[in-house]
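So the structure is just underneath, and the comments pick up after that.
Protein chains: 2
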Amino acid sequence: MVDYSSMKDTAERLFALEPAGMAAEDDGWQKRKSAQTRLAILDAAIDCLAEFGYSRTTTQLIAQKANISRGAMIHHYATKQDLIDSVIDYTFYKRLEGLSERVRQLSEYQRVVEQAGIEEYWNMLLTPAYQAYLELAIAARTDEELRATFLPKARRFDQIWGAEIAGIFPEWSDKREKLQLATDFCIAAMEGLALNRTIWEQRSRRQAVRRVVSLAILMVRDDDLGDKVLAGL
Amino acid sequence: MVDYSSMKDTAERLFALEPAGMAAEDDGWQKRKSAQTRLAILDAAIDCLAEFGYSRTTTQLIAQKANISRGAMIHHYATKQDLIDSVIDYTFYKRLEGLSERVRQLSEYQRVVEQAGIEEYWNMLLTPAYQAYLELAIAARTDEELRATFLPKARRFDQIWGAEIAGIFPEWSDKREKLQLATDFCIAAMEGLALNRTIWEQRSRRQAVRRVVSLAILMVRDDDLGDKVLAGL
DNA sequence: GGAAAAAAACAGACAAGCCGGTATTTTTAG
DNA sequence: CTAAAAATACCGGCTTGTCTGTTTTTTTCC
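Residue numbers (the working numbering), protein chains in the order written: chain A, 1 to 233; chain B, 1001 to 1233.
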């Protein structure tokens, strides 16, 4: 038996994360056009962040990449801060939505035995959406104003993320604490690996680290590694 | 028997990493003053990077924090790029030098059984030197000019780092491949944990991840986890 | 139903502020 | 005295936010 929440489709479950200002089908032409432009701006912003980094992502550049005038962009997002705030939500949404869909398409064998979800997570870390997120996360460490909006969003996303992961990996359903541990561990190790991937040139080196992560997670789930760790807290 | 390289003192072994333009004791007053000023600038730059991030670290701010005029700074580092290049080296030097000294002060029991080196590595990740390094590493991903100088330095540092680690942890002396694997794994997991530490509020959560890392490394060294991973490449 | 009014979407120009680099002047050590 | 070190003044370029003007869509009112 699968619980109800995992039966709704991704878009509906993740409604809480969806970008603001999106239009419904029965809205007028103007509203839909507006929503479309806003999405184009958000996508352009993600591309710019991923390609040029936080410091060189200017409003002019975003407008240019979105194929609209800067004036038009200012109409939708009055200040750069307003835009960035929306981009933060959008990176969360895109990352989780993309990963969730891909993992749900895996067979049970791929997911449970081959741990293919870990490779999917790795692939997600290579998307512009994650690169953009990383830029914002790093900038938020030293920019008070940005941190003030980023941190609450990140923590809320962490909650939603946990619930979504639980729905995607039902084989952990009676080991919620271990799943949390495995998830945190996987996120940390994989994001750290992504940080160093251009420095560690040999593919085998990066692959070896992922194998350790994969085996360690198996041991958290099936052996006593998880119990050992959780008992000592 | 300890090999010769680990008997030299840290400063000498890490000479290859030492900041350029440093003075010897028999140099004249002016040269020593100059070296002192350069160090003050580098330290100020690290502090600025750690406190304000890459984008808001201006030459004016660095000079201000170093208590010198901007003109004086320009005299020592003609362009911002020159300064940043030196700061990259300096962050590598400070991180490795600090960590090496601390780990060498651990008892054999603390190091081999308690895996205290992992905690020392974690502490290193909280220093301004690492925060500054992270800013530069992230900026180098999207800034071609910066990447052109950063990547070679980072790869060279990776080599030196590996040799230094081998000297610090002699209990791995007959398992060089496993040590490399464990080091890479540790770096990835810990840096990823550092990335998420402000988002994961509960201390127990972060502690649990570190326990998994610690136990996994033990299993690479003493059990067959390392063999399993390395065999499959 | 249709014209007028309001609102929204879009475009371009302008100004203040900041940053990095250059040139010039002043100070200080040898 | 002279050469390095340090301080000051200045310039060009870029970025953000504001302002004005134009076009298009929606609403209102007769």
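Glycine included, each C-beta is placed from N, C-alpha and C at the ideal position.
Sorted by chain position, which residues of the same chain lie with C-beta nearer than 7 Å to residue i's C-beta, five sequence neighbours on each side aside?
i	result
Glu135 (chain A)	Leu49, Gly53, Tyr54
Thr59 (chain A)	Arg70, Met73, Lys80
Pro128 (chain A)	Ile46, Asp47, Ala50
Glu191 (chain A)	Leu125
Val1002 (chain B)	Note on Val1002 (chain B): pLDDT 36, under 50, position unreliable in the model; the coordinate value appears next. Within the same chain, Val1002 (chain B) has close Cβ partners Pro1170.
Tyr130 (chain A)	Arg95, Met124
Asp85 (chain A)	Thr149
Can you give me the start and stop residues for the alpha helix (DSSP H) that residue i sits inside?
i	result
Leu1230 (chain B)	1225–1231
Asp82 (chain A)	80–104
Glu1144 (chain B)	1144–1168
Gly71 (chain A)	70–76
Trp1122 (chain B)	1116–1124
Arg111 (chain A)	108–112
Gly192 (chain A)	176–196
Ala62 (chain A)	A small correction: the amino acid at residue 62 (chain A) is Ile; Ala does not occupy that position in the sequence shown. Here the alpha helix (DSSP H) through Ile62 (chain A) covers 59–65.
Ser1173 (chain B)	From DSSP, Ser1173 (chain B) is part of no alpha helix (DSSP H); its letter is neither H nor E.
Gln207 (chain A)	203–222
What residues from chain B crowd round residue i, counting only those whose CB sits closer than 7 Å?
i	result
Leu169 (chain A)	In the sequence as presented, Leu is not what sits at residue 169 (chain A); that position holds Phe. Correct list: empty, because the minimum Cβ distance to chain B is about 17 Å.
Ile74 (chain A)	Those do not exist, as Ile74 (chain A) stays about 21 Å from chain B at its closest Cβ, beyond 7 Å.
Arg205 (chain A)	Asp1184
Ile187 (chain A)	Gly1192, Asn1196
Gly71 (chain A)	Ordered by position in chain B, no residue passes the 7 Å Cβ test against Gly71 (chain A), which lies about 25 Å from the chain.
Output, in chain order, the set of chain B residues within a Cβ distance shorter than 8 Å of residue i.
i	result
Leu229 (chain A)	Sequence check: residue 229 (chain A) is Val here, not Leu. Those are Ala1208, Arg1211, Val1212, Leu1215, listed as they occur along chain B.
Trp200 (chain A)	Asp1158, Asp1184
Arg155 (chain A)	Ile1199, Glu1201
Hey, out of the options, whose CA is closest to residue i's CA?
i	options	result
Ile1088 (chain B)	B:Ala1116, B:Ala1045, B:Ile1062	B:Ala1045
Ala132 (chain A)	A:Val229, A:Leu106, A:Leu225, A:Leu42	A:Leu42
Leu1193 (chain B)	B:Tyr1093, B:Ser1086, B:Gln1207	B:Gln1207
Thr1183 (chain B)	B:Gly1162, B:Gln1202, B:Glu1201	B:Gly1162
Asp158 (chain A)	A:Leu96, A:Arg38, A:Ala78, A:Leu225	A:Leu96
Asp1174 (chain B)	B:Val1229, B:Asp1222, B:Arg1203	B:Asp1222
Leu126 (chain A)	A:Leu218, A:Ala166, A:Gly98	A:Gly98
Pro1152 (chain B)	A:Glu114, A:Glu171, A:Glu201, A:Glu177	A:Glu201
Ala1078 (chain B)	B:Arg1038, B:Arg1111, B:Leu1106	B:Arg1038
Arg1155 (chain B)	A:Glu191, A:Glu120, A:Asn196	A:Asn196
Gln36 (chain A)	A:Ala148, A:Ile68, A:Glu177	A:Ile68
Ala231 (chain A)	B:Ile1118, B:Asp1227, B:Gly1117, B:Arg1205	B:Arg1205
Ser100 (chain A)	A:Val209, A:Ile165, A:Leu225, A:Gln180	A:Ile165
Ile1199 (chain B)	A:Ser107, A:Ile84, A:Arg56, A:Ala148	A:Ala148
Gln1110 (chain B)	B:Leu1233, B:Val1209, B:Ile1168	B:Ile1168
Val209 (chain A)	A:Phe185, A:Lys228, A:Tyr90, A:Asp227	A:Phe185
Val242 (chain A)	B:Lys1228, B:Arg1211, B:Leu1233	No answer is possible for residue 242 (chain A): it lies beyond the span of chain A, which begins at 1 and ends at 233.
Arg1056 (chain B)	A:Gln105, A:Arg203, A:Thr142	A:Thr142
If the cut is a Cβ gap below 8 Å, which residues of chain A does residue i touch?
i	result
Leu1218 (chain B)	Within chain A, no residue comes near Leu1218 (chain B); the closest Cβ sits about 11 Å away, beyond 8 Å.
Ala1139 (chain B)	Gly53, Ser55
Under 6 Å Cβ to Cβ from residue i, same chain only, skipping five residues before and after it: list those, please.
i	result
Leu146 (chain A)	Ala139, Ala140
Ile62 (chain A)	Ala44, Ala45, Cys48
Val213 (chain A)	Ala189
Leu1225 (chain B)	Met1219
Gly1102 (chain B)	It is Arg, not Gly, that sits at residue 1102 (chain B) in the sequence shown. These residues qualify, in order along the chain: Glu1120.
Val1112 (chain B)	Glu1171
Leu83 (chain A)	Tyr77
For residue i, return the contacting residues in chain A, with the cut-off set at a CB-CB distance below 7 Å.
i	result
Asp1143 (chain B)	Gly53
Gly1232 (chain B)	Arg211
Whose C-beta lies closer than 8 Å to the C-beta of residue i among residues of the same chain, with five residues either side of it excluded?
i	result
Gln1115 (chain B)	Ser1214, Ile1217, Leu1218
Trp172 (chain A)	Ala166, Lys178, Leu179, Ala182, Arg221
Met7 (chain A)	Reliability of the predicted coordinates at Met7 (chain A) is poor, the pLDDT of 40 falling under 50, and no value is obtained from them.
Ala1137 (chain B)	Phe1150, Ala1154
Ile1118 (chain B)	Cys1186, Met1190, Arg1210, Val1213, Ser1214, Ile1217
Please list the partners that residue i has in chain A, where partner means a Cβ-to-Cβ separation under 9 Å.
i	result
Arg1221 (chain B)	Chain A residues near Arg1221 (chain B): none, gap ~12 Å exceeds 9 Å.
Residues of chain B with CB closer than 9 Å to the CB of residue i, please, in chain order.
i	result
Leu61 (chain A)	Chain B residues near Leu61 (chain A): none, gap ~12 Å exceeds 9 Å.
Leu134 (chain A)	Ile1138, Arg1141, Leu1195
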